[in-house]
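Take a look at the structure set out below.
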Amino acid sequence: MESENIECVSVSDGMVEEEEVAHVPHPFLKPRGNGSGTVSGGGVGGGGVPAPVISPVARVHELLECPVCTNSMYPPIHQCHNGHTLCSTCKSRVHNRCPTCRQELGDIRCLALEKVAESLELPCRYLSLGCPEIFPYYSKLKHEAQCNFRPYNCPYAGSECSVVGDIPFLVAHLRDDHKVDMHIGSTFNHRYVKSNPREVENATWMLTVFHCFGQYFCLHFEAFQLGMAPVYMAFLRFMGDENEARYYSYSLEVGSNGRKLIWEGIPRSIRDSHRKVRDSHDGLIIQRNMALFFSGGDRKELKLRVTGRIWKEQQNLDAGVSTPNPCS
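Residues 1 to 328, numbered by full-length UniProt numbering, are exactly what the sequence shown covers, in order.
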């Protein structure tokens, strides 16, 4: 929603959970090897400094790196008449010219390099972020697409933000670059005000980040066209993976004049895009007429109050069920 037309008044409970933890250093800056900047276990170079050890597998892996996109090459691997290789995706990008020698590319496959790739086992590309797994060369891509250690996309929904990172980094990014409201606590009370609620041709939205139980949650509120009907929608996303999100639940409530709508659900992971969650209708949806009824008055101005609560489920492993944590 346009900033001059909307007011968001948020009241959190100010509660800091016992499980709340401090931010950790950015994992992209973790030292490799023994933490000294060198790789231990090698020979001695000039001045007594241990020389880095490069394994034969690492050397072969370098041969499998595309010179254009620098990603690992997978069949079909192409080569020019001089033997320079590149991946099939980049072959069309370079307009059929070798990026190394500028000779015209034909349709030559580098079958020997494809065969070598079949024998390799390599670490996940997110090794530096904590993934300990090693995979056969042709299984690596499938794993990396779903790896729990891969960076998260920025959950900001108002623009095509391309920033990626870990959760502490993205929280700072949302606060500093997108100026998102930050609140501590597991309950909230928001009021959304818009002078002309009939302007919903374009999706309008707001985002607030909550910190509770040592985790971060994104509360979305927006207006959009659901078919021909203008609606408002509110939903929560968990800043983490889906297998962690299922340990939490939330409720949203809106109402007035003796009527109310209540939604309860499990927050979706930010691995699911904002648009995917919205289009799945997995949240509190309010028809515009109902929203104006809740606003009272002459129904010409939106004054919608949304209250909510986040809680952590108490897992009962023996019974295979979960119950609300009374301490939440």
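Ideal Cβ placement from N, Cα and C applies to all residues, glycine included.
Please read these numbers as outputs of a predicted model, since none were measured by experiment.
Three-state class that DSSP yields for residue i in the structure shown
| i | result |
| --- | --- |
| ALA234 | strand |
| THR89 | helix |
| ILE77 | strand |
| MET228 | coil |
| VAL277 | helix |
| MET290 | helix |
| LYS169 | According to the sequence shown, residue 169 is Phe rather than Lys. PHE169 falls in the helix class under three-state DSSP. |
| ASP176 | helix |
| LEU304 | strand |
| ASN153 | strand |
| SER269 | strand |
| SER162 | coil |
| LEU284 | strand |
| ARG309 | strand |
| SER295 | helix |
| GLU133 | coil |
| LEU207 | strand |
| LEU219 | strand |
Cβ neighbour criterion (16 or more within 10 Å) applied to residue i
| i | result |
| --- | --- |
| PRO155 | buried |
| ILE54 | Low confidence applies to ILE54: its pLDDT is 41, below 50, so where it sits in the model is not reliable enough to give any reading. |
| HIS190 | buried |
| GLN103 | exposed |
| GLY308 | buried |
| VAL21 | The pLDDT assigned to VAL21 is 33, lower than 50, so where the model puts this residue is not dependable, and the model offers no usable value. |
| THR70 | exposed |
| LEU63 | exposed |
| GLY41 | Interpretation of GLY41 is limited by its pLDDT of 39, a score under 50 that renders its predicted location unreliable; the figure taken from the coordinates is listed afterwards. Burial call: exposed. |
| HIS95 | exposed |
| PRO136 | exposed |
| ARG93 | exposed |
| LYS142 | exposed |
Where the beta strand (DSSP E) through residue i begins and ends
| i | result |
| --- | --- |
| SER256 | 248-256 |
| ARG259 | 259-265 |
| LEU122 | 121-123 |
| residue 330 | In this structure the chain extends from 1 to 328, so residue 330 is not present and cannot be described. |
| ASP181 | 181-184 |
| THR70 | Premise fails: THR70 is in no beta strand (DSSP E) and is neither H nor E. |
| ASN189 | 187-194 |
Beta-carbon proximity of residue i to residue j, cut-off 8 angstroms
| i | j | result |
| --- | --- | --- |
| PHE235 | GLU244 | no |
| ALA291 | TYR232 | yes |
| ASN82 | CYS66 | no |
| ILE285 | PHE217 | no |
| GLY265 | PHE294 | no |
| PRO123 | ILE134 | yes |
| PRO230 | ARG305 | no |
| PHE188 | LEU219 | yes |
| SER242 | ARG271 | The displayed chain sequence assigns Glu, not Ser, to residue 242. Closer than 8 angstroms, so yes. |
| LEU86 | TYR192 | no |
| TYR138 | GLU121 | no |
Residue interval of the alpha helix (DSSP H) (run including residue i)
| i | result |
| --- | --- |
| LYS140 | 137-146 |
| ASN96 | Element bounds for ASN96: n/a, residue is neither H nor E. |
| ASN243 | 242-245 |
C-beta neighbour in chain C for residue i, strict 8 angstroms
| i | result |
| --- | --- |
| PRO76 | No chain C appears in this structure, which consists of one protein chain only. |
Contact test: residue i Cβ vs the ligand ADP heavy atom, cutoff 7 angstroms
| i | result |
| --- | --- |
| GLY265 | The model depicted lacks the ligand ADP and carries no ligand whatsoever. |
Decide if the region 106-115 is in contact with the region 63-82; the criterion is three or more beta carbon pairs, one per stretch, under 8 angstroms apart. yes
Three or more C-beta pairs below 8 angstroms linking the region 249-264 and the region 206-214: no
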